[in-house]
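Participant: In my numbering, the protein residues as written are 20 to 506. Pasting a structure here, questions to come.
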């Protein structure tokens, strides 16, 4: 970029500086020794087989394989079919193929980390390049710099970056969400929005919705945003592309729900019933009767699907026939609609677990480093630690914040005639809506099981809202200064 181009739009230069800073941060925090990742909680197996990877040393003990230590190296195996429905496996499989080219004997988890990092940096650069533009260059620099610093501080936190070197679907959803919002804002700020940006928006939105079953409902909200993008241009080609995007998001989200394996549905439904609705009930017998569950299954109340040595095994065929095949998540949702106070109790539980970006029971170090089991890395963890130690974790706080946030966006939308400004407001509203979905869906779909991890997307949306609040405050302050003292 020459000096003339930089003067035309300094945001581009700041965007590339942000990308360089993000790359340096990632390398320093998770790539160089000691390599940082997240230990397997038992979820990696369903990803490894289908992507042609495997545990390098299957003779390791349970304590070595799970929870205590992250693993830097994995082996290669055959590709299995079925068992896990997610587009996340496509990226992991591609990383596996790249790993075979680099080292045909051992897959280094850093190969996957690099793949995630490329898309992460792309998202940050695109976001900063489309930061709000002020009436003069100095203020534009301030706005772009503030956005850059916020993104690096919040999403460059080790709590997020450690996920890059794991087989969890969370980093895939995080990066897709960032790319979706960045592309929507870029579309809103373009004089003539391009088909490439629209395609990026649709692909990123679809990636979020298909990253895991619990995120599938988000696709319908994203489809509404795609429908709003339809109005940015009046030519038929654009509108046809936008409508195709809407259809892709609706169909993709619906298929994600429909093709979910029965085994996974039964697992989640078990959690929803025995570790959700009935857990903590003051009248278990009455609730079981209302749901049509035989009284003999009262011994399962408060147990989760992966618990050992319980009175009735979770895979018992009679349990499946009498409970899991008769009920559905619709019945759980209807129960909560009839008993809103019970759902509020569950929301309180979610609020108490809402600020964990990464699980605190999964180690970040390879065993070879010599750290104690389940040791976490706290380098560059200012944001995640601030949230854990100082952020209120009450339902009242979140309800108040969301109401105020949406009220401000609604006022902005109402007071402007600009379709582009309205699209930005709508994009941020969809982020907030996605946060609400990401809190409600796990409670209905999986009960109280592993709430801290299941609320990851809620954290992503909450943090994006936080960045937008800071940007809005700085933009408003600069506008006020510009009006009082024209430059």
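C-beta atoms are modelled at their ideal positions from N, C-alpha and C, and glycine is treated no differently.
Threshold first: 4 residues or longer. Then list the alpha helix (DSSP H) segments lying entirely within the segment 378 to 412, N to C.
Facilitator: Counting whole runs of 4 or more residues, the segment 378 to 412 contains the alpha helix (DSSP H) stretches 401 to 409.
Participant: Would you mind reading off the limits of the beta strand (DSSP E) that contains residue 94?
Facilitator: On the chain shown, residue 94 is found 75 positions in, with the first residue counted as 1. Start and end: 92 to 95.
Participant: Tell me which residue opens and which closes the alpha helix (DSSP H) that residue 535 is part of.
Facilitator: Residue 535 is absent from the model: the chain starts at 20 and stops at 506.
Participant: With H, G and I counted as helix, E and B as strand and the rest as coil, what does DSSP make of residue 74?
Facilitator: Counting from one through the chain shown, the residue named residue 74 turns up at place 55. Three-state DSSP puts residue 74 in a strand.
Participant: Please say whether residue 115 and residue 97 have beta carbons closer to each other than 8 Å?
Facilitator: For the purposes of this step, residue 97 is identified with residue 78 of the chain shown, where counting begins at 1. For the purposes of this step, residue 115 is identified with residue 96 of the chain shown, where counting begins at 1. Against a cut-off of 8 Å, the Cβ pair of residue 115 and residue 97 comes out as no contact.
Participant: Quick one: what does DSSP say residue 244 is sitting in, helix, strand or coil?
Facilitator: Sequence index remark: in the chain shown, residue 244 carries index 225 (1-based). It is helical.
Participant: What residue range does the alpha helix (DSSP H) around residue 358 cover?
Facilitator: Here residue 358 refers to the residue found at position 339 when the chain shown is read from its first residue. Residue 358 -> no alpha helix (DSSP H), and no H or E assigned at all.
Participant: How long is the line joining the alpha carbons of residue 47 and residue 82, rounded to whole angstroms?
Facilitator: As a working note, residue 47 is residue 28 in the chain shown. As a working note, residue 82 is residue 63 in the chain shown. In a straight line, the C-alpha of residue 47 is about 28 Å away from that of residue 82.
Participant: Where does residue 194 land, buried or exposed, given buried means 16+ other C-beta within 10 angstroms?
Facilitator: Here residue 194 refers to the residue found at position 175 of the chain shown. Residue 194 is buried by the Cβ-count criterion.
Participant: In three-state terms, what does DSSP make of residue 59?
Facilitator: Counted from its first residue, the chain shown places residue 59 at position 40. Residue 59 falls in the strand class under three-state DSSP.
Participant: By how many angstroms is the C-alpha of residue 166 removed from the C-alpha of residue 486?
Facilitator: Residue 486 sits at position 467 when you count from the first residue of the chain shown. Residue 166 sits at position 147 when you count from the first residue of the chain shown. The straight-line gap from Cα to Cα measures roughly 7 Å.
Participant: Any contact of the segment 332 to 341 with the segment 376 to 394, i.e. 3+ C-beta pairs under 8 Å?
Facilitator: No: fewer than three Cβ pairs fall under 8 Å.
Participant: Could you tell me which residues DSSP pairs with residue 127 in its beta bridges?
Facilitator: As a working note, residue 127 is residue 108 in the chain shown. Looking at the DSSP assignment, residue 127 forms a beta bridge with 92.
Participant: Which residues in the same chain as residue 275 place their Cβ atom closer than 6 Å to its Cβ, once the five residues preceding and following it in sequence are excluded?
Facilitator: As a working note, residue 275 is residue 256 in the chain shown. Taken in chain order, the residues that qualify are 229, 235.
Participant: Determine the closest residue to residue 502 out of 89, 141, 154, with distance taken between C-alpha atoms.
Facilitator: Counting from 1 along the chain shown, the entry for residue 502 is found at position 483. It is 154.
Participant: Quick check: the Cα distance between residue 508 and residue 419, rounded to an integer number of angstroms?
Facilitator: Look at the range of the chain in this structure, 20 to 506, and you will see that residue 508 is not part of it.
Participant: Within 10 angstroms of the Cβ of residue 22, are there 16 or more other Cβ atoms? Answer buried if so, exposed if not.
Facilitator: Looking up residue 22 in the chain shown gives position 3. The pLDDT assigned to residue 22 is 46, lower than 50, so where the model puts this residue is not dependable; a value taken from the coordinates is nonetheless given after this. That one is exposed.
Participant: Give me, in chain order, the residues of the same chain whose beta-carbon lies closer than 8 Å to that of residue 480; leave out the 5 immediate sequence neighbours on both sides.
Facilitator: Counting from one through the chain shown, the residue named residue 480 turns up at place 461. Within the same chain, residue 480 has close Cβ partners 196, 450, 451, 453, 454, 457.
Participant: If you draw a straight line from the alpha carbon of residue 288 to that of residue 30, how long is it in whole angstroms?
Facilitator: Counted from its first residue, the chain shown places residue 288 at position 269. Counted from its first residue, the chain shown places residue 30 at position 11. So the alpha carbons of these two residues sit roughly 48 Å apart.
Participant: Would you list, in sequence order, the uninterrupted alpha helix (DSSP H) runs of no fewer than 4 residues that lie entirely inside the segment 315 to 377?
Facilitator: Segments of the alpha helix (DSSP H) lying fully in the segment 315 to 377: 348 to 357, 359 to 371.
Participant: Could you tell me which whole beta strand (DSSP E) segments of length 3 or greater appear in the segment 419 to 501?
Facilitator: For the segment 419 to 501, not a single whole beta strand (DSSP E) run of length 3 or above is found.
Participant: Counting Cβ pairs closer than 8 Å, one from the segment 249 to 264 and one from the segment 286 to 304, do we hit at least three?
Facilitator: No, because fewer than three Cβ pairs between the segment 249 to 264 and the segment 286 to 304 fall closer than 8 Å, the two stretches do not touch.
Participant: Among residues of its own chain, excluding the 5 on either side of residue 57, which ones have a beta-carbon nearer than 7 Å to its beta-carbon?
Facilitator: Within the chain shown, the letter at position 38 stands for residue 57. Closer than 7 Å at Cβ, skipping near neighbours: 89, 181, 182, 185, 187, 377, 381, 383.
Participant: Label residue 430 either buried or exposed according to how many other C-beta atoms from any shown protein chain fall within 10 Å of its C-beta, with 16 as the threshold for buried.
Facilitator: Looking up residue 430 in the chain shown gives position 411. Exposed.
Participant: What does a CB cutoff of less than 7 Å around residue 368 pick up in its chain, not counting 5 residues either side in sequence?
Facilitator: Reading the chain shown from its first residue, position 349 is the one you call residue 368. Contacts found: 467, 470.
Participant: My assumption, with CB atoms under 8 Å, is that residue 360 sits in contact with residue 477. Please give the rounded CB distance.
Facilitator: The residue given as residue 360 occupies position 341 in the chain shown. The residue given as residue 477 occupies position 458 in the chain shown. So it is not a contact: roughly 22 Å between Cβ atoms.
Participant: Rank 416, 202, 131 by C-alpha distance to the C-alpha of residue 439 and give the top, closest one.
Facilitator: To locate residue 439, count along the chain shown from 1; it is residue 420. Considering only alpha carbons, the answer is 202.
Participant: Since residue 220 is in the alpha helix (DSSP H), which residue starts that stretch and which ends it?
Facilitator: Within the chain shown, numbered from 1, the residue matching residue 220 stands at position 201. That run of the alpha helix (DSSP H) goes 214 to 228.
Participant: With 16 other CB atoms within 10 Å as the buried threshold, where does residue 326 fall?
Facilitator: Here residue 326 is taken as the residue at index 307 of the chain shown, counted from 1. So residue 326 ends up on the exposed side.
Participant: Quick one: residues in its chain with C-beta nearer than 8 Å to the C-beta of residue 25, no 5 flanking neighbours on either side, listed in chain order?
Facilitator: Numbered from its first residue, the chain shown carries residue 25 at position 6. In this prediction, residue 25 scores a pLDDT of 45, lower than 50, which makes its location untrustworthy; the coordinate-derived value is nonetheless stated afterwards. Excluding positions up to five away in sequence, the list reads 31, 32.
Participant: Helix, strand or coil: how does DSSP classify residue 103 here?
Facilitator: Here residue 103 is taken as the residue at index 84 of the chain shown, counted from 1. Residue 103 falls in the coil class under three-state DSSP.
Participant: Measure from the alpha carbon of residue 199 to the alpha carbon of each residue in 447, 39, 474, then state which is nearest.
Facilitator: Counted from its first residue, the chain shown places residue 199 at position 180. The candidate whose alpha carbon is nearest that of residue 199 is 447.
Participant: Based on DSSP bridge pairs, tell me the residues matched to residue 294.
Facilitator: For the purposes of this step, residue 294 is taken as residue 275 along the chain shown, with counting starting at 1. Note: residue 294 sits in no beta bridge, so no partner.
Participant: On the DSSP letters alone, give me the boundaries of the alpha helix (DSSP H) that residue 172 sits inside.
Facilitator: Counted from its first residue, the chain shown places residue 172 at position 153. Counting along the chain, the alpha helix (DSSP H) containing residue 172 begins and ends at 156 to 174.
Participant: Please go through the same chain and pick out, in chain order, the residues whose beta-carbon is closer than 7 Å to the beta-carbon of residue 87, but skip the five residues on each side of it.
Facilitator: Your numbering for residue 87 matches position 68 in the chain shown. These residues qualify, in order along the chain: 58, 382, 392, 393.
Participant: Return the CA-CA distance between residue 130 and residue 217, expressed in angstroms with no decimal places.
Facilitator: Counting from 1 along the chain shown, the entry for residue 130 is found at position 111. Counting from 1 along the chain shown, the entry for residue 217 is found at position 198. Using only the alpha carbons, I get a separation of about 29 Å.
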